[in-house]
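See below for the structure under consideration.
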Amino acid sequence: MTVAIEQSVKPAVDNRARRELIASVLQSYGAAVALVVLLVVGAFSFPTFLTFSNLSNILTQSSFPLIVAVGMTFVILTGGIDLSVGSMFALGGVLAAYGSSWGIVGAFVLPLVVCGMIGLFQGLLVAYGKMAPFIVTLAGLLAVRGLVLAVTNGGSTTPLIKNPAFTAVGQDGIFGIHWTVIVALVAVILGTLALSRTRAGQSIFAVGGSESASIFMGLPVARVKLSVYIVSGLCAGVAGALNAGYSSSGVPIVGVGLELSAISAVVIGGTLLVGGRGSLAGTLAGVLLLSVIQNMINQVGSLNSSVQAVVSGVFLAIVVVIQTVLSRSQRL
Amino acid sequence: MTEQTMTVSLPTRGVGLGILQTYGVYLAIIVLLLYNFFFTPNFFNIGNFRTQFVQVVPALIVALGMALVIGTEGIDLSVGGVMALAAAVMPLYIGYGLIPVVMIAIVVGGLVGVINGSLVAFIGVQPIVATLSLMVTGRGIALLIAHEQLVSITDPTILAIGRGTVVGIPCSMIIAVVAVLLIAVLVNRTTFGKQLIAIGGSRRAAELSGLPVKRILLMVYILCAVLAAIAGIIGTARLGASVPSTLGNLIELSAITAVVVGGTPLTGGQVKVIGTIAGAALLQFISATLNQHNVPDAYSQIAQAIIILFAVYIQRGRLAVR
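Chains as they are written, first to last, in the numbering used here: chain A, 1 to 332; chain B, 1001 to 1322.
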């Protein structure tokens, strides 16, 4: 290659490289930047915003959706989606309440086993039945909610937690930080390590990046897909169980619409819905961002809860539009 | 030798599966009707059938729009939000008479379609996310408009849409029949219909052959939203109240199911209007049967989910077989 050609090509390449860099930085850290901006705005607008109790409250409120969103990130990284998490969250809570009569172990094991099995079943249909993930999990949303109603007399019974140790896990903490927050952060850290440092984690990115390429590389594509739905089921079950501990009872109607906020948080956190790119750190920022917005709406006081729906819906749309435009410019 | 068995076994399985895919929904309806004929008292009388038809109208109208969107390989999750929005704006204009109220509800619904369509067609957002964000936002705005309250509607002309009859036939049924005919003609007899199906078959091929892909996609999402708004108007008129908090909840699920059960593949490229009607009727008969045998809601939800999975499982190999 001659020097002349290199010189004439270089500026164009530089320009494109710079644009790609900006795009990918915005993609990965957009949520974190928005979070910082909102925290600053909140600090100046509301006197009680930057207090320890308020921030700790935001963290506690975020911990349940965060655990769900961790599982959702795994699913979305493979290019799938899990709409059943809201119902699984409710099921996890109800089962934890029933399981708590066998002590703290029962309160965790029962929801984990059942939600894991449901995740396994959904994963089998997606991975080996080759069915569209959103339709499988949409049916899951309906069926699992039906199951919740079936085990609670049509939703009229709210089983109470009978194990004080389990309630303590949901309600107590250390240094003012709830155990649920610590569990959620551990989930983020373990998930990040699994995604970046293990073979299985790399396979998840590969499958989401290009399924056909993964097949040609000899990756166990079906097994990877199966496993992410199990992970998502387990995460939703644990989150539901912890939430039951937090509220001392397994409420059958919780978690309606939780799948939407989990998906929003994952997407806002920079994970591409087509799969293959994203991070749990982004998901963490996305969940915190949505919680901070909700907290600020609550601080205003006069606004009602549907404002939250509108704000997060619009936010999701804006983020997705930016993402789509950015990823298009990256592909060029 | 293995090749021989392959060539023999594949077509026979394909034919059996093909019949099930195309006529399964009708078969299921017949089985269900036979079951009800023998085991459900008072199922086979005009009054009951009339109730069933009137109940299915909103879901059917939404499913028609959904069939068009699915035909383009898209999906519209915002239909429930659109129904809520249509319901929420109706009481605001109640004093101006029937036509303005209906027009405004349709225009507001259509606006959601414009946003959906623009996001999908011009920006290239995946249909599932674009419409997901409007599903949340739509219902949120509807609740804000209504101050999260139920508003009862007493205007007799509006109530007539849901409850009135013309020569003994319920108005809502007439609207549904007109909608079915219009969509059937649109899909089967117009250039627009052919283009829509072409996009679903292969968007790239449609683009390369010079079809106005973006404009057609935009139109399809607008049509779907307008139909959902009409369903919202009918639902509100039947209830006699604007209930934006619950109207159209989970209707996207039943609409998608009706479309898929009716033989329209989720991968696009086909729109089965008659099949969609059959799909909606099947879902209605199933819930009516479970209801009249006093099966609790919980179990009927589980049964519906199993039926959805079964239907989609059968439909999944459709393109390969064809």
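Glycine included, each C-beta is placed from N, C-alpha and C at the ideal position. Since this is a predicted model, take the numbers as computed values, not measurements.
For residue i and chain A, any beta-carbon pair shorter than 8 Å?
i	result
D1297 (chain B)	yes
V1312 (chain B)	yes
T1137 (chain B)	yes
Q1302 (chain B)	Note that residue 1302 (chain B) is Ile in the sequence shown here, rather than Gln. With 8 Å as the cut-off, I1302 (chain B) counts as an interface residue toward chain A.
A1086 (chain B)	no
G1140 (chain B)	yes
I1183 (chain B)	no
A1028 (chain B)	no
L1309 (chain B)	yes
A1067 (chain B)	no
A1231 (chain B)	no
A1225 (chain B)	no
A1280 (chain B)	no
Would DSSP call residue i helix, strand or coil?
i	result
A1241 (chain B)	strand
P65 (chain A)	helix
G80 (chain A)	coil
V256 (chain A)	coil
P164 (chain A)	helix
S306 (chain A)	helix
T1257 (chain B)	helix
L51 (chain A)	Before going further, note that residue 51 (chain A) is Thr rather than Leu in the sequence given. T51 (chain A): coil per DSSP, three-state reduction.
V287 (chain A)	helix
T1040 (chain B)	coil
I1169 (chain B)	strand
I1075 (chain B)	coil
S249 (chain A)	strand
G1262 (chain B)	coil
V1151 (chain B)	strand
G116 (chain A)	helix
G176 (chain A)	coil
M1 (chain A)	Unreliable positioning characterises M1 (chain A) in this predicted model, as indicated by a pLDDT of 44, which lies under 50. The coordinate reading is nonetheless provided below. Coil.
L1196 (chain B)	helix
A1146 (chain B)	coil
G1328 (chain B)	Here chain B covers residues 1001 to 1322 and nothing more, so residue 1328 (chain B) does not appear.
F46 (chain A)	coil
Q1126 (chain B)	coil
S212 (chain A)	helix
K130 (chain A)	coil
Can you tell me which of the options puts its alpha carbon nearest to the alpha carbon of residue i?
i	options	result
A1305 (chain B)	B:T1022, B:S1254 and B:I1234	B:S1254
T283 (chain A)	A:L21, A:A17, A:S28 and A:G146	A:S28
L280 (chain A)	A:V320, A:L77, A:P47 and A:I297	A:L77
L112 (chain A)	A:G146, A:G123, A:V221 and A:L95	A:L95
A317 (chain A)	B:L1098, B:T1131, B:M1090 and B:V1031	B:T1131
Q1292 (chain B)	B:Q1315, B:A1241, B:Q1052 and B:L1134	B:Q1052
G80 (chain A)	A:G208, A:P220 and A:V188	A:G208
A1231 (chain B)	B:L1064, B:L1032 and B:N1042	B:L1064
V344 (chain A)	B:T1137, B:G1074 and B:S1118	Coverage of chain A is limited to positions 1 through 332, which leaves residue 344 (chain A) absent and any answer about it impossible.
V1226 (chain B)	B:V1031, B:I1115 and B:V1054	B:I1115
Rounded to whole angstroms, what is the Cα-Cα separation between residue i and residue j?
i	j	result
L1085 (chain B)	V310 (chain A)	13 Å
M1066 (chain B)	L1211 (chain B)	22 Å
T1002 (chain B)	G129 (chain A)	Residue confidence for T1002 (chain B) is low, a pLDDT of 42 falling below 50, so the modelled location carries little weight; the figure read from the coordinates is stated next. Distance between the alpha carbons of T1002 (chain B) and G129 (chain A) is about 24 Å.
Y1093 (chain B)	P1100 (chain B)	7 Å
L242 (chain A)	T158 (chain A)	16 Å
G173 (chain A)	W179 (chain A)	5 Å
S45 (chain A)	T60 (chain A)	22 Å
I204 (chain A)	R197 (chain A)	12 Å
I1307 (chain B)	L120 (chain A)	19 Å
V126 (chain A)	F1037 (chain B)	37 Å
F992 (chain B)	V1259 (chain B)	An answer regarding residue 992 (chain B) cannot be provided, because it is not within the stretch 1001 to 1322 covered by chain B.
R1139 (chain B)	R199 (chain A)	43 Å
M1173 (chain B)	L1223 (chain B)	19 Å
V251 (chain A)	T1246 (chain B)	20 Å
V1312 (chain B)	V136 (chain A)	9 Å
Quick one: does the C-beta of residue i sit closer than 7 Å to a heavy atom of the ligand SAH?
i	result
G86 (chain A)	The ligand SAH is absent from the structure shown, which contains no ligand whatsoever.
Taking 8 Å as the threshold (beta carbon to beta carbon), is residue i in contact with chain B?
i	result
M131 (chain A)	yes
I135 (chain A)	yes
R145 (chain A)	yes
T157 (chain A)	no
T324 (chain A)	yes
query = At a Cβ cut of 9 Å, what residues of the region 1107-1135 of chain B count as close to chain A, listed as they run along the chain?
reply = So the close ones are I1115, L1119, I1123, G1124, V1125, Q1126, I1128, V1129, A1130, L1132, S1133, L1134 and M1135.
task = Check distances from the C-beta atoms of the region 203-228 of chain A to those of chain B and list, in chain order, the residues that come in under 7 Å.
result = none
query = What residues in the region 1142-1176 of chain B have a beta carbon less than 7 Å from any beta carbon of chain A?
reply = Near chain A, meaning a CB-to-CB distance below 7 Å, the residues of the region 1142-1176 of chain B are L1143, L1144 and E1148.
Members of the region 1239-1269 of chain B near chain A, C-beta cut-off 8 Å = L1250, L1253, I1256, V1260 and L1266
task = Check distances from the C-beta atoms of the region 274-290 of chain A to those of chain B and list, in chain order, the residues that come in under 8 Å.
result = V274
request  = Name, going along the chain, the residues of the region 252-267 of chain A whose beta-carbon falls closer than 9 Å to a beta-carbon of chain B.
outcome  = Taking 9 Å as the cut-off between beta carbons, the residues of the region 252-267 of chain A near chain B are G257, L260, S261, I263, S264 and V267, in sequence order.
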